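Peer 1: Have a look at this one before I ask anything.
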Amino acid sequence: RLPEQAKKDLSRAAELDTSIAPEVEREMVMVREMEMEEDKQDRPIAKKLVEGFVQAGDERSLGLAPVGPQAVPDPTSNLYGMLQAQEAAAETSDVSKDDYCRQREAIYNQFIKPACVDDADD
């Protein structure tokens, strides 16, 4: 768009030659006015689009907000929670450094490798 490019060019010119800063500011005011004029032209179209979305609505906006206890997520359902749980368990038990690292590796691998699917149940 023309105003955006003009802003970039004027800013760059002001950086290169500080003596033209007042002229650059005057030109920037004109560029801002050009943008406001474009906004005025775009406003009716944007207004129609927004009104269409508001009129169409969404079934979530028509219903009531859910009321009730929020489910507390299981801390072992995410990587960070599992790592924290493993670290806490390692602190309370006597685990060697190698076992600790192997346990961490196994936890990481659970999130990297896809879970195996048992086809025998089909």
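Mapped onto the numbering used here, the consecutive letters of the sequence shown carry residue numbers 110 to 231.
Cβ atoms here follow ideal geometry from the backbone N, Cα and C, with glycine treated the same way.
From a predicted model like this one, the values you see are computed outputs, not experimental measurements.
(1) Can you tell me the Cα-Cα spacing of residue 117 and residue 124, whole angstroms?
(2) Measuring CA to CA, which of 111, 154, 190 is closest to residue 139?
(3) On a CA-only basis, which of 126, 158, 219, 120 is nearest residue 191? Give me that one, please.
(4) Rounded to the nearest angstrom, how far is the Cβ of residue 195 from that of residue 212, given a contact under 8 Å?
(5) Keeping to the same chain, check which residues put their C-beta closer than 8 Å to that of residue 215; ignore five residues upstream and five downstream.
(6) I need the straight-line Cα distance from residue 94 to residue 179, nearest angstrom please.
Peer 2: Reading off the structure:
(1) The count along the sequence shown starts at 1 and reaches residue 117 at position 8. The count along the sequence shown starts at 1 and reaches residue 124 at position 15. Answer to the nearest angstrom: the Cα atoms are 11 Å apart.
(2) Locating residue 139 in the sequence shown gives position 30, counting from the first residue. Checked all of 111, 154, 190; the closest Cα to residue 139 is 111.
(3) By 1-based counting over the sequence shown, the position of residue 191 is 82. Nearest C-alpha to residue 191: 219.
(4) Taking the first residue of the sequence shown as position 1, residue 195 is located at position 86. Taking the first residue of the sequence shown as position 1, residue 212 is located at position 103. That belief holds up - the Cβ atoms of residue 195 and residue 212 are roughly 6 Å apart, short of 8 Å.
(5) One-based indexing of the sequence shown puts residue 215 at position 106. Same-chain partners within the cutoff: there are none.
(6) Nothing can be reported for residue 94, as the shown portion of the chain is limited to 110 through 231.
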